[in-house]
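Chemist: Below is a structure I'd like to ask you about.
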Amino acid sequence: MIQVRDLHKQFHSLQVLKGISLTVEKGKVVVVIGPSGSGKTTLLRCLNALEVPTSGTVQIGDVKLDFSQKPDRSRIPLLRRQTGMVFQSYNLFPHMTALQNVMEGPVTVKKEDPRKVQLKASAILAKVGLADKVDHYPAQLSGGQQQRVGIARALAMDPQVMLFDEPTSALDPELVGEVLKVMKELAQEGMTMIVVTHEMSFARDVADEVIFMDQGVIVEQGPPEQIFRQSREERTRQFLQHLQVRD
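Heads up, the sequence shown is in UniProt numbering, so the first residue is 1 and it goes up one at a time.
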């Protein structure tokens, strides 16, 4: 489903990604962990070209872009349509209801029939536990509810892959669980997902593979059992001990 080869991203003189390569099979959940500044968010943003990589290739589904050459920018929207992105901040339109927020993408970008989209959007909001909030505006919703609208909005575009950039980091602790519950349900349904998170319990319980990044490179990757209990790299062990997640 996803193939990344020798991906680099440079901001002026700063090398943020230094040759990332990874493969994610369809229906798998990959969780990316690592210290702040390690390049996790930049990697996600490069996957759908919100940040255009300096070099390397990204393939999602049947859409492949080679950034080692000057990219064909007309193909970037094709890559983005393969993905749904959920950000740290909710980025909802404040003047639109939850239902209208979810409908906006399919109607405006994909030019779908608004009547059909309304039924679809209502069903997705019900799926994330917000059937009774369709007519509420963002200011009337809790942070956890707003983030679930954000997930519904991404799902409404029928993505092949869901990308989550620390989706619970802006939430109060008591609201984190309701968002993670939705993400776990998506994983159980077979959605291909890449999740950047500090929620180590989610990584241990849900991930098929965990990637530990530091200083723009993949230091170690493997099944959760290996990463959390039998880390091969000292840098991985240091990071996990700092978070006190090892048993």
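The C-beta atom is built at its ideal place from N, Cα and C for all residues, glycine as well. In this text the structure is predicted, and so the values were computed from the model without any measurement.
#1: Look at V182 and R148 and say whether their C-beta atoms are less than 8 Å apart.
#2: Check the Cβ-Cβ distances between H95 and every residue of chain E, and say whether any is below 8 Å.
#3: Name the DSSP bridge partner or partners of D66?
#4: Below 8 Å between beta carbons: does that hold for A154 and G84?
#5: Quick one: is G77 buried, meaning 16 or more other Cβ sit within 10 Å of its Cβ, or exposed?
#6: I'd like the ranges of any alpha helix (DSSP H) spanning at least 4 consecutive residues and lying wholly in the stretch 101-133.
#7: I'd like to know whether the C-beta atoms of V117 and V109 end up nearer to each other than 8 Å.
#8: For K239 versus G34, is the C-beta distance shorter than 8 Å?
#9: What does R5 pair with, by DSSP beta-bridge criteria?
#10: Classify Q145: buried if its beta carbon has 16 or more other beta carbons within 10 angstroms, exposed otherwise.
#11: Relative to the C-alpha of G143, which candidate in S231, N48 and L92 has its C-alpha closest?
#12: Please report the residue range of the alpha helix (DSSP H) in which T236 lies.
#13: Would you mind listing the alpha helix (DSSP H) stretches within the stretch 169-240 that are 4+ residues and don't spill past its ends, in chain order?
#14: What would DSSP say about Q145, mapped onto helix, strand or coil?
#15: Could you tell me the distance, in whole angstroms, from the CA atom of L125 to the CA atom of V102?
#16: To which residues of the same chain is residue 266 closer than 7 Å at the C-beta, ignoring the five residues directly before and after it?
#17: What residue range is occupied by the uninterrupted beta strand (DSSP E) comprising L14?
#18: Helix, strand or coil: which one does DSSP assign to Q88?
#19: Do you know whose CA, among T42, E174, T97 and Q221, lies nearest D132's CA?
#20: For the stretch 24-39 and the stretch 211-230, state whether three or more C-beta atom pairs, one from each stretch, are separated by less than 8 Å.
#21: Helix, strand or coil, according to DSSP, for Q140 in the structure here?
#22: Would you identify the three-state DSSP class for T42, choosing helix, strand or coil?
Modeler: In short:
#1: One-based indexing of the sequence shown puts residue 182 at position 182. One-based indexing of the sequence shown puts residue 148 at position 148. In this structure, V182 lies near R148, with their beta-carbon atoms less than 8 Å apart.
#2: Among the protein chains of the structure shown there is no chain E, as only one such chain exists.
#3: The sequence position of residue 66 within the sequence shown is 66, counting from 1. Answer by DSSP bridge pairing, in chain order: T57.
#4: The residue labelled residue 154 in the question sits at position 154 within the sequence shown. The residue labelled residue 84 in the question sits at position 84 within the sequence shown. In contact: A154 and G84 (Cβ atoms closer than 8 Å).
#5: One-based indexing of the sequence shown puts residue 77 at position 77. A quick correction: the sequence has Pro, not Gly, at residue 77. P77 is exposed by the Cβ-count criterion.
#6: Listed in chain order, they are 114-127.
#7: Counted from its first residue, the sequence shown places residue 117 at position 117. Counted from its first residue, the sequence shown places residue 109 at position 109. Taking 8 Å as the Cβ cut-off, V117 and V109 do not qualify as a contacting pair.
#8: As a first step, residue 239 must be located in the sequence shown, where it is residue number 239. As a first step, residue 34 must be located in the sequence shown, where it is residue number 34. The question names Lys, but residue 239 is Phe in the sequence shown. A Cβ-Cβ contact shorter than 8 Å links F239 with G34.
#9: What you label residue 5 is simply residue 5 of the sequence shown in a count that begins at 1. Bridge partners of R5: T57.
#10: Walking along the sequence shown from the start, residue 145 turns up at place 145. With 16 or more Cβ atoms within 10 Å of its Cβ, Q145 is classed as buried.
#11: Sequence index remark: in the sequence shown, residue 143 carries index 143 (1-based). The residue with the shortest Cα to Cα distance from G143 is L92.
#12: The residue you call residue 236 lines up with position 236 of the sequence shown. It spans E234 to L243 - the alpha helix (DSSP H) in which T236 sits, taken as one unbroken run.
#13: 173-188, 200-206 and 224-229
#14: In the sequence shown, the residue the question calls residue 145 occupies position 145. Helix.
#15: To locate residue 125, count along the sequence shown from 1; it is residue 125. To locate residue 102, count along the sequence shown from 1; it is residue 102. Distance between the alpha carbons of L125 and V102 is about 8 Å.
#16: One cannot answer for residue 266 here, as it falls past the ends of the chain, which runs 1 to 247.
#17: Within the sequence shown, residue 14 is the residue found at index 14, counting from 1. First-last of the beta strand (DSSP E) with L14: L14 to V24.
#18: One-based indexing of the sequence shown puts residue 88 at position 88. Correct three-state label for Q88: coil.
#19: What you label residue 132 is simply residue 132 of the sequence shown in a count that begins at 1. Among T42, E174, T97 and Q221, the Cα nearest to that of D132 belongs to T97.
#20: yes
#21: What you label residue 140 is simply residue 140 of the sequence shown in a count that begins at 1. Secondary structure of Q140 (DSSP, three-state): helix.
#22: Here residue 42 corresponds to residue number 42 of the sequence shown, with the count starting at 1. The answer is helix: DSSP assigns T42 an H, G or I state.
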